[in-house]
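A.B. asks:
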Amino acid sequence: MRRATGEPKAVRALLIALALGWLGLVILLPLLMVFRQAFAHGLHAFAAAVADPDALSAIRLTLLIAALVVPFNLVFGVAAAWLVAKHDFRGRSLLVSFIDLPFSISPVVAGLMYVLLFGSQGWFGPWLMAHGVRILFAVPGMFLATALVTFPYVARELIPLMTAQGRAEEEAAVTLGASGFQTFWHVTLPNIRWGLLYGVLLTNARAMGEFGAVSVVSGHIRGVTNTMPLEVEALYNEYDFTGAFAVASLLACLGLLTLAAKAFLEWRHRDAIAAAGH
Amino acid sequence: MTAPPVLLEPVALRRRPRSALPGYGLTLGMTLLWLGLIVLLPLCAVAARSLGLGPAHFAEAAFSPRALAAYRLSFGAALIASAINALFGLLIAWVLVRYRFPGKRLAGAIVDLPFALPTAVAGIALTALYASHGWIGRVFAHIGVAIAYQPVGVVVALTFIGLPFVVRTVEPVLADLGAEIEEAAATLGAGRLATFRRVLLPEIAPALTTGFALAFARGVGEYGSVIFIAGNMPYRSEIAPLLIVTQLEQYDYAGATAIAAVLLVVSFGMLAVINLIQGRERRRLGQA
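Chains as they are written, first to last, in this note's numbering: chain A, 14 to 291; chain B, 237 to 524.
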């Protein structure tokens with residue numbers, strides 16, 4: 014019953030129109046632009062741009078970095094969430110604040126930090142170089158920069174979820190003699206798998222799309238250390254707009270898939286989500 | 237002497253038990269290891285390097301005229317963009333929570349696009365849209381206004397980036413708001429607008445401020461979506477993160493580090509403010 018407190022129909026329609034109009038202008042139009050430009054010169058030009066050796070190498074590198082970063086942050090996220098949600102200890106909220114820190118670090122600054130550690134003038138750079146280990150302008154540096162930028166995503170999904178679920182089920186399992194790992198695998202994991210999946214998808218989308226941090230540490234060698242977003246920039250700066258938007262459209266599809274998966278998971282688990290107070 | 241509250245007393249006297257569950261040591265160790273290696277060690281490098289510059293050298297690098305112009309643009313554009321986002325984010329959250337209309341689910345899902353779309357993709361798309369021959373840029377070119385390659389282009393990019401922060405923080409608070417207070421206000425004779433301004437707005441204000449601060453913090457550090465649409469002219473349309481990149485490319489590590497330190501201090505300050513607001517809000521709700 015909202016009659017006493019609802020808005021007149023005209024106001025309602027106006028507000029809806031304003032909101033949808035703004036969403037269309039700010040969000041939808043840029044998205045449409047990506048696909049329009051990618052196919053501006055037809056399917057053939059698009060296919061040629063995507064099949065370009067440099068573009069293929071960028072796709073491979075992006076997949077490789079995501080394949081390294083996602084498990085790395087997945088392990089961390091699960092461990093951190095288990096620690097924070099299932100145990101009481103001093104400084105817990107401080108720890109959560111530290112986990113959140115990367116959200117407020119500019120990607121460029123994230124890249125710079127690793128330059129300060131591993132660059133030729135950095136803390137470990139000279140020693141590593143003397144031993145023939147390359148971090149900067151190579152996969153390890155790009156992995157580290159991407160890992161930092163995507164660091165909190167899995168933990169951030171899991172901590173509220175696991176806190177809301179409480180400890181009773183796990184405590185019952187342990188009382189009945191299950192080991193810690195059995196408890197996690199058979200009791201906790203089934204409860205958190207959808208939140209975990211969304212955290213992984215989000216981490217993956219951010220890892221594949223990361224630009225600023227990777228840009229600082231990559232060295233921009235075409236066909237070698239250019240990820241897809243860096244390849245987009247390189248093509249764009251050469252005025253190869255079809256090529257740039259073709260690669261960009263692949264990344265946009267990744268983003269759309271992530272959103273679709275999120276909407277699906279939310280729709281499927283709306284009851285659990287409502288119970289968890291999201 | 238009255239009987240002590242039986243349930244509370246032993247708990248209050250004993251130290252809180254950690255947990256009956258195993259894995260404390262293992263997960264604590266892993267969390268601290270990951271956190272130390274990926275986040276804290278690199279942060280220490282920036283801090284040590286900044287302190288090593290000495291106050292005079294640091295100030296010279298961090299507050300050079302070019303750096304000051306870059307901060308002005310980064311902070312100014314982020315401020316304007318997050319104000320726009322606070323307004324429209326609130327509107328969108330309101331419409332998504334309160335009204336039913338066709339396409340509502342799609343609208344709700346698309347709000348998150350800036351979270352999921354790589355920034356470089358957003359950057360080139362916005363540039364194509366707002367350049368003088370683009371769909372939107374053409375309209376503005378008619379009235380003699382240029383958006384792309386101008387400082388205002390930065391605001392456009394940051395408006396795109398920041399929108400979901402406001403919508404996603406305000407939405408749950410709006411949804412949890414009971415109808416009672418509005419009904420009470422209506423019963424007491426308040427009009428819709430007065431109810432909104434004097435009853436609802438104070439309730440959503442903490443969430444709105446948090447969303448605003450999150451969008452602002454993200455906007456200050458944003459790089460990928462901005463560099464394509466901004467003109468990147470020093471003193472005019474060059475954002476602070478771009479200045480860091482430029483100085484790194486010239487091997488001016490001291491200059492880059494000093495500016496990075498300023499950005500870090502500002503965004504950690506914002507984070508502290510956000511935590512403060514949320515902590516106060518939790519306490520307030522806990523008392524209610």
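Just so it is clear, CB atoms sit at the ideal spot from N, CA and C, and this is done for glycine as well.
#1: What runs of the beta strand (DSSP E), each 3 residues or longer, lie entirely inside the segment 56-131 of chain A?
#2: At the 7 Å Cβ level, is A524/B part of the contact set with chain A, yes or no?
#3: So, do the segment 383-394 of chain B and the segment 243-259 of chain A have three or more beta carbon pairs nearer to each other than 8 Å?
#4: Rounded to whole angstroms, what is the Cα-Cα separation between P253/B and W198/A?
#5: Please state if the CB of F131/A and the CB of I148/A are separated by a distance shorter than 7 Å.
#6: Quick check: the Cα distance between M142/A and V406/B, rounded to an integer number of angstroms?
#7: Can you have a look at T188/A and say buried or exposed, based on whether 16 or more other CB atoms are within 10 angstroms of its CB?
#8: Take A98/A as the anchor and find which of A181/A, T240/A, R219/A has the nearest alpha-carbon.
#9: Chain A partners of L484/B, CB-CB under 7 Å?
#10: At a CB distance below 9 Å, what residues from the segment 355-380 of chain B approach chain A? Give them in sequence order.
#11: Considering only the alpha carbon of each residue, which of V24/A, Q178/A, Q195/A, A185/A lies closest to N204/A?
#12: Name the residue from L424/B, L437/B, P400/B, G398/B whose alpha carbon lies nearest to the alpha carbon of L413/B.
#13: Against chain A, with Cβ distances strictly below 7 Å, would Y385/B count as a contact?
#14: Please list, in chain order, the chain A residues whose beta carbon lies closer than 7 Å to that of F504/B.
#15: Within 10 angstroms of the Cβ of S461/B, are there 16 or more other Cβ atoms? Answer buried if so, exposed if not.
#16: For the alpha helix (DSSP H) containing M155/A, list its first residue and its last residue.
#17: Check M175/A in the structure and name its three-state DSSP category.
#18: Measure the C-alpha to C-alpha separation of K275/A and A367/B and round it to an integer number of angstroms.
#19: In chain A, what lies closer than 8 Å to D348/B by C-beta?
#20: Would you identify the three-state DSSP class for P477/B, choosing helix, strand or coil?
#21: Nearest-angstrom Cα distance between H378/B and P400/B?
#22: Could you give the DSSP three-state label for P21/A: helix, strand or coil?
#23: With contact counted as at least three CB pairs below 8 Å, one residue from each stretch, are the segment 347-362 of chain B and the segment 209-223 of chain A in contact?
#24: Please specify which runs of the alpha helix (DSSP H), each continuous and at least 4 residues long, are wholly inside the segment 380-462 of chain B, giving them in chain order.
#25: Please report whether the beta-carbon of M469/B lies at a distance below 7 Å from any beta-carbon of chain A.
#26: So, is the C-beta of Y166/A closer than 7 Å to a C-beta in chain B?
#27: Specify, as a first and last residue, the run of the alpha helix (DSSP H) that S539/B falls within.
C.D. replies: Considering the structure as presented:
#1: Here no run is fully enclosed.
#2: Note on A524/B: pLDDT 48, under 50, position unreliable in the model; no value is reported.
#3: No: the two stretches stay apart, fewer than three of their Cβ pairs being nearer than 8 Å.
#4: Unreliable placement is indicated for P253/B, whose pLDDT of 49 sits below 50; the coordinate value is still reported in the next sentence. For P253/B and W198/A, the distance between alpha carbons rounds to 24 Å.
#5: Contact: yes.
#6: Spanning the two alpha carbons is a distance of roughly 50 Å.
#7: The residue is exposed, with fewer than 16 neighbouring Cβ atoms inside 10 Å.
#8: Minimum Cα-Cα distance from A98/A among the listed residues A181/A, T240/A, R219/A corresponds to A181/A.
#9: Those are L125, V128, V229, listed as they occur along chain A.
#10: The segment 355-380 of chain B vs chain A, Cβ under 9 Å: T355, A356, V357, A358, G359, I360, A361, L362, T363, A364, L365, G370, W371, I372.
#11: Out of V24/A, Q178/A, Q195/A, A185/A, Q178/A has the C-alpha closest to the C-alpha of N204/A.
#12: Among L424/B, L437/B, P400/B, G398/B, the Cα nearest to that of L413/B is on L437/B.
#13: No, Y385/B lies away from the interface with chain A (no Cβ there is under 7 Å from its Cβ).
#14: Here the neighbours are S117.
#15: With 16 or more other Cβ atoms within 10 Å, it is buried.
#16: Note, M155/A: alpha helix (DSSP H), 152-162.
#17: Reduced to three states, the DSSP call for M175/A is helix.
#18: Rounded to the nearest angstrom, the two C-alpha atoms are 33 Å apart.
#19: Among the residues of chain A, those whose CB is under 8 Å from the CB of D348/B are L272, K275, following chain order.
#20: Helix.
#21: CA-CA distance, H378/B to P400/B, rounds to 31 Å.
#22: P21/A falls in the coil class under three-state DSSP.
#23: Contact between the segment 347-362 of chain B and the segment 209-223 of chain A is present, because at least three Cβ pairs lie under 8 Å.
#24: DSSP runs (the alpha helix (DSSP H)) wholly in the segment 380-462 of chain B: 387-412, 416-423, 428-431, 437-457.
#25: No, M469/B lies away from the interface with chain A (no Cβ there is under 7 Å from its Cβ).
#26: Y166/A does not count as touching chain B.
#27: The shown model of chain B, from 237 to 524, leaves out residue 539/B, and the question about it has no answer.
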